[in-house]
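Asker: Please read through the structure below; I'll follow up with questions.
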Amino acid sequence: MPAPASSLAAFGAVLVLCACDTSGARDTAEHDRAHPDDTSESATPDACRWTTPLPATCVPTSPDGEGPYWRADAPERAALNVADATGTRMFVAGRVLDSACRPVAGVRVYLWSAGPDLTYDHLAADPNLYGYQTTAPDGTVCFETLRPLPYGPPEARLPAHFHVNVLDNDVKRLTTQLRFTGDPYLGAGMDPRRIVTPEPLPDGSERVSYDFVLPP
Numbered sequence: 001m002p003a004p005a006s007s008l009a010a011f012g013a014v015l016v017l018c019a020c021d022t023s024g025a026r027d028t029a030e031h032d033r034a035h036p037d038d039t040s041e042s043a044t045p046d047a048c049r050w051t052t053p054l055p056a057t058c059v060p061t062s063p064d065g066e067g068p069y070w071r072a073d074a075p076e077r078a079a080l081n082v083a084d085a086t087g088t089r090m091f092v093a094g095r096v097l098d099s100a101c102r103p104v105a106g107v108r109v110y111l112w113s114a115g116p117d118l119t120y121d122h123l124a125a126d127p128n129l130y131g132y133q134t135t136a137p138d139g140t141v142c143f144e145t146l147r148p149l150p151y152g153p154p155e156a157r158l159p160a161h162f163h164v165n166v167l168d169n170d171v172k173r174l175t176t177q178l179r180f181t182g183d184p185y186l187g188a189g190m191d192p193r194r195i196v197t198p199e200p201l202p203d204g205s206e207r208v209s210y211d212f213v214l215p216p
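Sequential numbering of the sequence shown, starting at 1, is according to my numbering.
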């Protein structure tokens, strides 16, 4: 598998989660820096609000390939589109739970994806579409990013995906990917439990949500 971003990574990847009630001024400041001229803020509170009850049973989320472009030094931030790239604005909201369906607070959730040019900004000092959030007491985090696109050569095209790492005290507890319903490049062997359906929002943006269940 080629390593440079321009070669289009051959790994699939993923997405997730929300903690707007605890993100406070930091998240607002991050968004203002990423979108200094953006006045369409109406979707943000609803997109980051988590109202789904805790599930009754929790099966650990299946792992998936990390890919070659994870940045352990990715910054802590909620608004990931710092380069103001053009694309469909997407909120990734969700929770981290243990196998007993209890929220897991204080772990870091890393989210990253390829950009609209179908490459990863992994060599930049401040990489676009990369970042992490620390889960709130209710296990939630929330990212504002862009919806990824399929990429790769026609004979081996990868479905659109987000990459996700969940770290507890610098130990990777979960490495996985999220993909989207309706993607023509989904393969038969891909775990259907990690294929999410985007929810359209009134301002034209989208939201996806997911419960990341850690292994015992």
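We put the beta carbon where it would ideally sit given N, CA and C, even for glycine.
1. Just confirm the distance between the C-beta atoms of E66 and N165, as a whole number of angstroms; I'd bet it's less than 8 Å.
2. Note down, in chain order, each residue of its chain lying with its Cβ closer than 6 Å to the Cβ of T181, except the 5 sequence neighbours on either side.
3. Cutting at 6 Å between CB atoms, please list the residues of its own chain near S40, excluding the five before and the five after it.
4. Where in the stretch 26–112 do unbroken runs of the alpha helix (DSSP H), each at least 4 residues long, occur, reported from the N-terminal end onward?
5. Sort Q133, C48 and Y69 by Cα distance to P127 and report the nearest one.
6. Are P83 and G131 touching if we call contact CB-CB under 9 Å?
7. Kindly indicate which residue of R71, F91 and A125 has the alpha-carbon position closest to the one of D46.
8. Put P150 into one of helix, strand or coil per three-state DSSP.
9. Taking the DSSP output, what are the residues bridged to R251?
Answerer: Answer, in terms of the structure:
1. Against the sequence shown, residue 66 aligns to sequence position 66. Against the sequence shown, residue 165 aligns to sequence position 165. At roughly 7 Å, the Cβ-Cβ gap stays under 8 Å, so E66 and N165 are in contact.
2. Stepping through the sequence shown from its first residue, residue 181 is reached at position 181. So the qualifying residues of the chain are I195 and T197.
3. The sequence position of residue 40 within the sequence shown is 40, counting from 1. Low local confidence applies: a pLDDT of 43 at S40 is under 50, so the model's placement there is unreliable, with the coordinate-based value given in what follows. Cβ neighbours of S40 beyond the five flanking positions: D203.
4. The alpha helix (DSSP H) runs of length 4 or more contained entirely in the stretch 26–112 are, from start to end of the chain, 43–48.
5. Mapped onto the sequence shown, residue 127 falls at position 127. The candidate whose alpha carbon is nearest that of P127 is Y69.
6. Along the sequence shown, read from residue 1 onward, the residue named residue 83 stands at position 83. Along the sequence shown, read from residue 1 onward, the residue named residue 131 stands at position 131. Note on residue identity: the sequence assigns Ala, not Pro, to residue 83. No, Cβ-Cβ distance for A83 and G131 is not below 9 Å.
7. By one-based count along the sequence shown, residue 46 stands at place 46. Nearest C-alpha to D46: F91.
8. As a position in the sequence shown, residue 150 is number 150, starting the count at 1. It is coil, neither helix nor strand.
9. Because the chain is modelled from 1 through 216, residue 251 falls outside the range shown and cannot be assessed.
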